[in-house]
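Visitor: Throughout the sequence shown, residue numbering follows the working numbering, covering 497 to 836 in sequence. The following block contains the structure, expressed as structure tokens.
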Amino acid sequence: MIGLVCTRQYCRCLGGSMMIARKVFISGVAAATFALSGTSGVLAKDAYKVAIAMPGTITDNGWSQAAYSGLKAAQQELGLEFAYSELVEQPDQVEVLSDYARRGYDLVIGHGGEYQDAVQRVAKRFPDTAFMVNNGLGVGGNVANADFYFSQLGYLMGYTAAKMSKANIIGIMIAQEFKFTNDSVQGYKDGAEAAVPGTKVLMTVTGDWNDVAKGKEAALNQLSQGADVVWPTMDGATVGALQAVEEKKAYAVGLYYDAIEKWPDIVIQSAILDVSQNMLTYLRLSVKGELKGQLYKADLNNEAAMRIGTFHADVPEDVRAEVQGLVAKMRSGELKPQPY
497 MIGLVCTRQY
507 CRCLGGSMMI
517 ARKVFISGVA
527 AATFALSGTS
537 GVLAKDAYKV
547 AIAMPGTITD
557 NGWSQAAYSG
567 LKAAQQELGL
577 EFAYSELVEQ
587 PDQVEVLSDY
597 ARRGYDLVIG
607 HGGEYQDAVQ
617 RVAKRFPDTA
627 FMVNNGLGVG
637 GNVANADFYF
647 SQLGYLMGYT
657 AAKMSKANII
667 GIMIAQEFKF
677 TNDSVQGYKD
687 GAEAAVPGTK
697 VLMTVTGDWN
707 DVAKGKEAAL
717 NQLSQGADVV
727 WPTMDGATVG
737 ALQAVEEKKA
747 YAVGLYYDAI
757 EKWPDIVIQS
767 AILDVSQNML
777 TYLRLSVKGE
787 LKGQLYKADL
797 NNEAAMRIGT
807 FHADVPEDVR
817 AEVQGLVAKM
827 RSGELKPQPY
């Protein structure tokens with residue numbers, strides 16, 4: 497069963513040390529449209545209930561859509577019920593999270609590190625509710641975080657981009673500065689320097705995850721400065737950036753999924769962060785009451801959750817071999833990109 501809520505933005509999740517309590521309540525959500533079998537407007541008492549607030553939409557082909565897919569998969573596998581809020585903006589974070597906790601959801605997820613502060617505030621007021629932040633930092637008590645070793649993939653993407661750049665200028669675009677983006681940017685720069693010392697890396701902060709026009713403008717700006725490989729790391733706004741790359745016949749790096757499938761002419765490689773699989777990892781624990789207030793971090797050794805994608809045909813065989821060699825070194829611990 498799914499309770500659907502359309503408010504505005506949210507977060508990314510998991511972490512801590514003590515067990516997070518699992519309690520079951522009768523629950524509903526204000527301003528929600530429910531699709532519940534025979535529950536007359538409230539969720540079934542015996543089902544584990546999860547709510548998530550997201551920064552984007554469930555059709556953004558990125559971060560938020562991946563979370564929705566993860567919850568759909570968890571619903572099928574675990575029988576849980578869930579509700580979601582789309583496009584939850586910063587002024588509304590505390591209100592949206594509090595409303596879910598007040599209405600008895602067992603686990604409330606902030607889908608993005610930008611919502612860590614709001615989660616910490618709300619968690620103190622609702623100690624019997626478990627909270628998750630996908631891509632957050634703070635853990636402990638009833639707050640956990642699910643994270644990725646972003647600088648690993650950033651390093652690999654930067655290495656590939658630098659090897660493919662004829663101008664020795666590459667770019668990366670982010671929406672906001674926090675752990676996910678900062679770690680990715682640092683890894684990207686370090687990988688580029690390891691591949692071709694002296695490679696110039698342009699970095700743009702767009703200030704918006706979903707504005708397609710802003711994404712396109714940011715990419716065009718970097719391309720006009722001489723970059724011939726760029727990596728947009730936004731959500732819906734990434735589409736605009738990739739359109740610009742396609743128009744200018746440059747190269748791009750994908751994120752979240754194997755983007756060469758949708759952009760076969762321009763994507764040279766992708767950093768696959770399988771949010772759905774990472775969420776399933778902790779939702780399985782949560783439903784059993786075994787979730788702890790700690791950090792659950794995926795790295796390249798967890799291939800279901802984190803991996804690289806398909807190489808473009810233009811990427812030379814020796815570069816492919818070098819990148820795969822770096823992957824092996826990261827998995828063995830020989831190469832440890834920073835920050836962790």
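Every residue gets a Cβ at the ideal spot worked out from N, C-alpha and C, and that includes glycine. Since we're looking at a predicted model, the values are computed, not measured.
#1: Report yes or no: do three or more beta-carbon pairs, one from the region 719–737 and one from the region 656–668, lie closer than 8 angstroms?
#2: Could you name each continuous alpha helix (DSSP H) segment of 4 residues or more that falls completely within the region 665–749, going from the start of the chain to the end?
#3: Apart from the five residues on each side of it in sequence, which residues of its chain come closer than 6 angstroms, Cβ to Cβ, to F521?
#4: Using the three-state DSSP reduction, which class does E585 fall into: helix, strand or coil?
#5: Beta carbon of G464, beta carbon of A688: below 7 angstroms?
#6: Could you give the residue range of the alpha helix (DSSP H) that holds K568?
#7: Can you tell which of N717, T677 and G750 has the C-alpha that lies nearest to the C-alpha of N631?
#8: A626 lies in the beta strand (DSSP E); which residues open and close that run?
#9: Quick check on Q612: buried or exposed, where buried means 16 or more other Cβ atoms within 10 Å of its Cβ?
#10: Once DSSP output is grouped into helix, strand and coil, what is the label at M550?
#11: Judging by CA-CA distance, which residue of A543, K712 and K659 is the nearest neighbour of D814?
#12: For P833, tell me which candidate among E585, M669, S680 and A746 has the shortest Cα-Cα distance.
#13: Measure the C-alpha to C-alpha separation of L567 and A549 and round it to an integer number of angstroms.
#14: Please state whether DSSP places I605 in a helix, a strand or coil.
#15: Apart from the five residues just before and just after S782, which ones in its own chain have a Cβ nearer than 6 angstroms to its Cβ?
#16: If you drop the 5 nearest sequence neighbours on each side, which residues of the same chain put their C-beta closer than 6 angstroms to that of S766?
#17: In whole angstroms, what is the alpha-carbon distance linking A626 and E673?
#18: Report the three-state DSSP secondary structure of G636 (helix, strand or coil).
Guide: A quick look at the data gives this:
#1: yes
#2: 675–691, 708–720 and 733–744
#3: For F521, the predicted model reports a pLDDT of 28, less than 50, meaning its position is unreliable and no value from the coordinates is stated.
#4: coil
#5: Outside the displayed span of the chain (497 to 836) sits residue 464, for which this structure offers no information.
#6: W559 to L574
#7: T677
#8: A626 to N630
#9: buried
#10: coil
#11: K659
#12: S680
#13: 12 angstroms
#14: strand
#15: L603
#16: G750, D754, A755 and G805
#17: 26 angstroms
#18: strand
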